[in-house]
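Q:
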Amino acid sequence: MQPTIYDVAKAAGVAASTVSRTFNRPGRVNEATRQRVQAAAAELGYEHSPQNRALPGGRHRTIAMVLSDITNPHFFELIRGAEQRAKASDVTLVIVNAEESQRIEESQVRDLSPTVDGFVLAASRLSDDALVALAEKHRVVLLNRELAGLTSVTMAVATGCQQILEHLASLGHRSFTYCAGPPGSWMGAVRWAALSAGAEEHGLTAHRVGPYTPNVANGGAAADGALRTGATAIVAHNDLLAFGVIRRLTQRGIRVPDDVSVVGFDDIFASEFVHPSLTTLGGPGAHAGRLAVELLIDQFAGRATQVGEQVRLPTELVLRESSGPAPRVPPPHLSASR
């Protein structure tokens, strides 16, 4: 078996990316390190050639990151972290937009399969069976989704939703409405399951409306649907939908948070700067992206200790202006329904 850059890196006591730079960009490596790498390569019989650039067990030194919706700012931090980790290993990262479509995602994965060494699928809309079939032929890491037998990186949804429930209950709310996102969203389904299951123990009644496409434009319809339930708090599928909810409530003369509290998910950059600023559940997005790529590269390099590992990262409820005490006087939408 021919030695790889990983074998050389281990023998020389350096990172694989340093071995790659030694042969491909020698000007970026100091002389002492370059000599140590070349000596290790010579001892192992490693010969640099274009073929040697392929990852162990791979062919192209390229991986694809497929996003359910590239226009969603939530993915920006995931992409940033993924690019940082890929660059550190001298791996090319291809970013692909599935446009919230299972059909488009299937087509993109099929077209890319011959030219990449593996996939990071972020919030994939593929069916469980399709994901299992893909993982039988290619290396796959899921991001923002879990499936038994496949390696994945997600946020700790259950504990995060517990934080939301505790927050609303502490403010005196007795009911909330969840504005659901796309029907095929695994994360959305898990969020609703956690919120609805934990509501009763916090003295809350849970309502659900939707599904809605999770963007600002659809927040108006989500707000109208939520108001019909009579809840004094609204939990939106993501921050973008929450922005639209707040805008619609304002248009209808309903004050946030005096009349209705609003909570989102993801803690995207703009959440701090909208008015009122948005209370939202966030997590380490860039770290999640880095970790997903690292787990995929570990599979290539034969370093994966366990295929099917499920990593859950901690979440944090960021408290801002959009959530407040439940109103003592019935808000306009409740008064109108009586």
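Going by this note's numbering, the letters in the sequence shown line up with residues 222 to 559, in that order. All C-beta atoms in this analysis are idealised placements derived from N, C-alpha and C, irrespective of residue type, glycine included.
For residue 400, which beta-bridge partners are listed by DSSP?
A: Paired residues: 430, 457.
Q: When the Cβ atoms of the segment 341–358 are set against those of the segment 405–418, are three or more pairs found closer than 8 Å?
A: Touching, yes, given that three or more Cβ pairs across the two stretches are closer than 8 Å.
Q: Have a look at the DSSP bridge pairing and note the partners of residue 309.
A: Residue 309 is not bridged to any residue.
Q: Going by the DSSP bridge assignment, what does residue 482 pair with across the sheet?
A: Answer is 454, bridged to residue 482.
Q: Using the Cα positions of residue 224 and residue 309, report the straight-line distance between them to the nearest angstrom.
A: If you take the alpha carbons of residue 224 and residue 309, they lie about 21 Å apart.
Q: Can you tell me whether residue 530 is helix, strand or coil according to DSSP?
A: Of the three classes helix, strand and coil, the one that applies to residue 530 here is coil, per DSSP.
Q: Using a Cβ distance threshold of 8 Å, determine whether the segment 382–389 contacts the segment 320–332, with at least three qualifying pairs required.
A: The segment 382–389, when compared against the segment 320–332, does not touch it at the 8 Å Cβ threshold.
Q: Please report the straight-line C-alpha distance between residue 282 and residue 520, rounded to a whole angstrom.
A: Distance between the alpha carbons of residue 282 and residue 520 is about 13 Å.
Q: Which same chain residues end up closer than 7 Å to residue 324 when comparing Cβ atoms and leaving out the 5 residues on each side of it in sequence?
A: Excluding residues within five positions, none has a Cβ falling inside 7 Å.
Q: In whole angstroms, give me the CA-to-CA distance for residue 399 and residue 427.
A: Cα-Cα distance, rounded: 7 Å.
Q: Taking the DSSP output, what are the residues bridged to residue 284?
A: DSSP, once it has assigned bridges, lists 314 as partnering residue 284.
Q: Just checking my contact of residue 541 with residue 499 at CB under 8 Å: how many whole Å lie between their CB atoms?
A: Right, their Cβ atoms sit about 6 Å apart.
Q: Which residue wins for smallest C-alpha separation from residue 549, given the options 260, 313, 392?
A: The option with the nearest alpha carbon to residue 549 is 392.
Q: Considering only their Cβ atoms, is the gap separating residue 514 from residue 341 smaller than 8 Å?
A: Yes, the Cβ-Cβ distance between residue 341 and residue 514 is below 8 Å.
Q: Looking at residue 511: is its Cβ nearer than 8 Å to the Cβ of residue 305?
A: Closer than 8 Å, so yes.
Q: With which residues is residue 364 paired in a DSSP beta bridge?
A: For residue 364, which the question treats as bridged, DSSP gives the partners 343, 374.
Q: Looking at the structure shown, is residue 392 part of a helix, part of a strand, or coil, going by DSSP?
A: Residue 392 falls in the coil class under three-state DSSP.
Q: Could you work out which residue in 227, 285, 250, 293 is closest to residue 265 when comparing CA atoms only?
A: The candidate whose alpha carbon is nearest that of residue 265 is 227.
Q: On the three-pair Cβ rule with 8 Å, is the segment 350–359 touching the segment 483–497?
A: Short answer: they don't touch.
Q: Measure the C-alpha to C-alpha separation of residue 416 and residue 382 and round it to an integer number of angstroms.
A: Whole-angstrom Cα-Cα distance: 6 Å.
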